[in-house]
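Residue numbers (my numbering): 67 to 587. Built from N, CA and C at the ideal position, the CB exists for glycine as well.
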């Protein structure tokens, strides 16, 4: 079966309304001398760009500062206190079925996506008692949203009567980029206030999206949250259930892709930070590392917000002044904490593999890794224990990590009381602040794939595309778009892309949304 996105690709999804984005026509591969491309950053965006370029005959060199690939979905080896080798990472990631381009990238080495496993449910639990589930929610809009409301204990009749339906109408017909024109100047918190969502439903059905961006709803652009609602609830028929890798990220995802890239002649230089990039007189770029300077015809900057800001600040001749100023204004989301615990006894057998939580003093979700990851399952089977991971998003920069770590463990004991009796065999904690913030009014400042220099492109989840994509899928999509922009210069056909529909589904819903726009105007 042809991997998704190549010419003649088979659709890998159930939504017949998924949108196809064909690249400009061109030759299938580079003919003659191979142009060179430096891809700076080995996360999802950089790997997507490197893959599309290398497949079409470009001589690619990928530079990654860390000793591993995958970026924020990477992993690295550790030794546990009991001597067991293990893989640590930044934690749980959900591979939703709407992530067409990311899944297309993974199909290069796993055509049937057999290294992903579906979770049976995505339960959400509030400390006050309500618990929601997506297992029985229909996948096709509008029945997905209606089914969620009908099945959810968070939506009581009295609460529904207090809602402002006119304020909620824009959710029925989300369009990109128009959603940013209308709602980028409003915070997610204020939008939900205007709709008057019941508090428990607000936490579970909407603020989960804010937490996906590692941001407090008061800081997050309402446009991003509304776009997420479109991608998962009313814009796509793929549903809200998702897949997870059945092995640690390196083994399941990135080591096979690295081998694939090398098979296409790409050079992969992990543990190699790029110090600066400078245009050359002949139209190329000098890419400098601590070891050497090397000329490339083109460059893809596939970095996180902090990395892009820093590299552009050190590379004074890149772009023009306006572009450089926009990059300098990019902001990071607040810190987040990941705590992973190896316990000497199992959690209760009815605990889900993943649980979203709200109202637990900063605890945002709990994962039981041995329910789906083979490495953790082997450790649990051998020791009789369990591997549990806790996430806390949007923490205050001044918080003491040690205090937050204890707080998370205390909240785990509230949610899963049996863990209070367990001994911690080992614990690992990650405190990071390197995710992009999408602040109120910040959309226009975000870089696009193309820059003032046609040989320099940008990719990553911070990039604005005008497409209905977000998070890991935005990273993969912009990586392919960056490659396409370079391939177009050489007359080569790039990567075919897919997205969820670009606007609301069905004339009735769009008509209602239009009524709301006319009233608000």
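Look at residue 409 here: in three-state DSSP terms it is strand. In the three-state reduction of the DSSP assignment, residue 147 falls in the coil class.
When secondary structure is reduced to three states using DSSP, residue 256 falls in the helix class. Each residue's CA atom was taken as its position, placing residue 419 and residue 278 some 18 Å apart. If the five residues before and after residue 322 are omitted, its C-beta is found closer than 6 Å to the C-beta atoms of 175, all from its own chain and listed in chain order.
Each residue's CA atom was taken as its position, placing residue 376 and residue 199 some 42 Å apart. In the three-state scheme derived from DSSP, where H, G and I count as helix and E and B as strand, residue 432 is classed as strand. When beta bridges are read from the DSSP output, residue 521 appears opposite no residue. Restricting attention to 453, 147, 525, the CA atom closest to the CA of residue 417 is found in 453. Residue 180 and residue 443 have their C-alpha atoms roughly 18 Å apart. With respect to the 8 Å criterion, residue 288 and residue 263 are not classified as neighbours on the basis of their beta carbons. If you draw a straight line from the Cα of residue 367 to the Cα of residue 280, it is about 23 Å long. With contacts defined by Cβ atoms closer than 8 Å, residue 291 and residue 254 form a contacting pair. The C-beta of residue 470 has 16 or more other C-beta atoms within 10 Å across all chains shown, which makes the residue buried. Ranked by Cα distance from residue 344, the first of 96, 115, 522, 312 is 522. Under the three-state reduction of DSSP, residue 263 is assigned to coil, being neither helix nor strand. Boundaries of the alpha helix (DSSP H) around residue 469: 467-481. It is roughly 11 Å from the alpha-carbon of residue 93 to the alpha-carbon of residue 555.
Under DSSP, residue 351 shares a beta bridge with 345, 362.
DSSP links residue 192 through a beta bridge to 424. Just measuring C-alpha positions, the residue of 136, 537, 247, 251 sitting nearest residue 164 is 537.
In terms of Cβ geometry, residue 402 and residue 460 form a close pair [threshold 8 Å]. A distance below 8 Å separates the beta carbons of residue 197 and residue 190.
Beta bridge pairing from DSSP links residue 128 with 105, 334. Shown here for residue 558: same chain residues with a beta carbon closer than 8 Å to its own, the five before and five after excluded, namely 92, 93, 94, 95, 96, 122, 123 in chain order. The beta carbons of residue 207 and residue 84 sit no closer together than 8 Å. Between residue 157 and residue 439, the C-beta spacing is not below 8 Å. Contact between residue 373 and residue 107 holds, with the beta-carbon distance rounding to 7 Å and staying under 8 Å. The continuous stretches of beta strand (DSSP E) do not include residue 545, which lies in the alpha helix (DSSP H) extending over residues 537-555.
In the structure shown, residue 490 adopts extended strand secondary structure according to DSSP, grouped into three states. Contact holds between the stretch 462-476 and the stretch 494-503, because three or more Cβ pairs, one in each stretch, are under 8 Å apart. DSSP places residue 291 in the helix class (H, G or I) of the three-state scheme. In the three-state reduction of the DSSP assignment, residue 172 falls in the helix class, which pools H, G and I. In this structure, DSSP gives residue 167 a helical state, which the three-state scheme calls helix. For residue 388, the uninterrupted alpha helix (DSSP H) run begins and ends at 387-394, by DSSP. If you draw a straight line from the Cα of residue 243 to the Cα of residue 311, it is about 32 Å long.
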